[in-house]
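K.L.:
For reference, each letter of the sequence shown is one residue, going 6 to 128 in my numbering. Here you go, one structure.
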Amino acid sequence: MSKKILVVDDELHIRMLYREELEGDGFAVALTDGLTPIMEVLEKEKPDLVILDIKLEGNPLTGLDILQTIRAGNATLPVILSTSYDSFQHDLKSIAADAYVVKSVDLSILKDAIRQVSTKKGA
């Protein structure tokens with residue numbers, strides 16, 4: 006059975022790109038724009054790992070808020086923050102994530118983070 010990754014991102018093209026690339030690597034991929042409460046999505050999808058955007062346009066919550074909710078409900082679920090802004094890396098809330106990746110068209114850094122986090126957490 007393949008590992009399941011939940012991608013939380015407000016940009017449809019990013020969600021589609023991640024799905025295509027990650028499914029090509031053998032992962033099952035679930036997608037959400039972050040508007041549905043995260044605990045509902047986690048209960049429904051039961052992912053082994055979450056890739057979470059920090060800036061979620063149109064959402065009253067940021068990815069960092071969602072990260073806190075995930076940690077309160079499931080402290081061991083691996084979470085990778087994926088954002089266009091490296092400035093959030095120094096936000097104290099981001100230390101609850103297992104990895105921090107700046108978005109790029111080259112997904113090798115994200116895929117490396119997935120491998121590292123999966124190995125470390127046994128996901």
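All C-beta atoms in this analysis are idealised placements derived from N, C-alpha and C, irrespective of residue type, glycine included.
On the three-state DSSP scale, how would you describe residue 37?
P.N.:
In the sequence shown, counting from the first residue as 1, residue 37 sits at position 32. Reduced to three states, the DSSP call for residue 37 is strand.
K.L.:
Do residue 87 and residue 115 count as a contact pair if the criterion is CB distance below 8 Å?
P.N.:
For the purposes of this step, residue 115 is identified with residue 110 of the sequence shown, where counting begins at 1. For the purposes of this step, residue 87 is identified with residue 82 of the sequence shown, where counting begins at 1. Yes.
K.L.:
Kindly indicate which residue of 41, 52, 18 and 110 has the alpha-carbon position closest to the one of residue 63.
P.N.:
For the purposes of this step, residue 63 is taken as the residue at position 58 of the sequence shown. Per the Cα distances, 41.
K.L.:
What residue from 29, 38 and 30 has the CA that sits closest to residue 12's CA?
P.N.:
What you label residue 12 is simply residue 7 of the sequence shown in a count that begins at 1. Per the Cα distances, 38.
K.L.:
Please report how far the alpha carbon of residue 10 lies from the alpha carbon of residue 81, in whole angstroms.
P.N.:
Within the sequence shown, the letter at position 5 stands for residue 10. Within the sequence shown, the letter at position 76 stands for residue 81. Looking at the two C-alpha atoms, the distance is approximately 14 Å.
K.L.:
Compare the beta carbon distance of residue 83 and residue 58 with 8 Å and say whether it is the shorter of the two.
P.N.:
The sequence position of residue 83 within the sequence shown is 78, counting from 1. The sequence position of residue 58 within the sequence shown is 53, counting from 1. Their beta carbons are not under 8 Å apart, which means residue 83 does not touch residue 58 by this criterion.
K.L.:
To the nearest angstrom, report how far apart residue 78 and residue 44 are at their CA atoms.
P.N.:
Counted from its first residue, the sequence shown places residue 78 at position 73. Counted from its first residue, the sequence shown places residue 44 at position 39. Looking at the two C-alpha atoms, the distance is approximately 8 Å.
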